[in-house]
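Engineer: 15 is the number of the first residue of the sequence shown in the numbering used here; add one for each residue after it.
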Amino acid sequence: MPQQQTSSPGQGQRFDWWAAPAAAPQPDRPAPPAPAVPPPAPPVPSAPPAARTEAAPPARPLAPAPVPPVEAPSAVDSSEVYRAVQGSDAFQEIKRSYRAFVLPVSGAFLGWYLLYVAAQAGAPGLMRSQVAGPVNVAWLLGLLQFASTFLLTWLYARNARTKRDRAALGLRWDTQDQLR
15 MPQQQTSSPG QGQRFDWWAA PAAAPQPDRP APPAPAVPPP APPVPSAPPA
65 ARTEAAPPAR PLAPAPVPPV EAPSAVDSSE VYRAVQGSDA FQEIKRSYRA
115 FVLPVSGAFL GWYLLYVAAQ AGAPGLMRSQ VAGPVNVAWL LGLLQFASTF
165 LLTWLYARNA RTKRDRAALG LRWDTQDQLR
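Next comes the structure, spelled out in structure tokens:
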């Protein structure tokens, strides 16, 4: 990296804002006062001298905590349980219901978006047509893109809640019971 010369550093000195030396304290400003440290507290005697001469009872070692018995690993293999669930009719029905909603709706939304882009490119005169005041067809269709996004999100959540969530939760509980 070539060295840049500026007028502020001395001859042959390099001046980078990230490598500038720390500024020394200025004499016109007083240094901040040092934090006050409280004096150490005097030691507190633990017991009178007469009590220290008596022998303390020997300390008992703590008894070890009881160890719970180790259970043998379950004979059910989790990968077999999940394979069985994946092949079950209930799981296939959940997947079928999901695809039946998502694929057509995604295709319709993608087509609607591509129609909007194609209209912008292919029919600029139509898109400039005034609808109401300063709002033209392009603005109206652009705002409808947002509205359709929110509408489809709401429809998806409602469809999942009413058609798939209960079945998926039941399948999940059955699977967890098999894994215990």
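For glycine and all other residues, C-beta sits at the position ideal for the given N, C-alpha and C.
All figures in this text were calculated on a predicted structure; none of them were measured in a lab.
According to DSSP, what are the bridge partners of N173?
Structural biologist: Locating residue 173 in the sequence shown gives position 159, where the first residue counts as 1. DSSP lists no partner for N173.
Engineer: In its own chain, which residues sit with a C-beta less than 7 Å from the C-beta of V99, not counting the 5 before and 5 after it?
Structural biologist: Stepping through the sequence shown from its first residue, residue 99 is reached at position 85. Cβ within range, chain order: F105, L185 and T189.
Engineer: Using three-state DSSP, classify L146 as helix, strand or coil.
Structural biologist: Sequence index remark: in the sequence shown, residue 146 carries index 132 (1-based). In the sequence as displayed, the identity of residue 146 is Ala instead of Leu. Correct three-state label for A146: strand.
Engineer: Would you check if the distance between the CB atom of R178 and the CB atom of S111 is smaller than 8 Å?
Structural biologist: Numbered from its first residue, the sequence shown carries residue 178 at position 164. Numbered from its first residue, the sequence shown carries residue 111 at position 97. Yes.
Engineer: Taking DSSP as the reference, what is the three-state secondary structure of R194?
Structural biologist: Walking along the sequence shown from the start, residue 194 turns up at place 180. Note: R194 maps to coil in three-state DSSP.
Engineer: By Cβ distance, which residues of its chain are closer than 7 Å to S143, with the 5 residues on each side in sequence left out?
Structural biologist: Counting from 1 along the sequence shown, the entry for residue 143 is found at position 129. Excluding residues within five positions, the ones whose Cβ falls inside 7 Å are N150 and V151.
Engineer: Give the single residue among D91, W168 and A181 whose Cα lies nearest to the Cα of D103.
Structural biologist: On the sequence shown, residue 103 is found 89 positions in, with the first residue counted as 1. Selected option, being the one with the closest Cα: A181.
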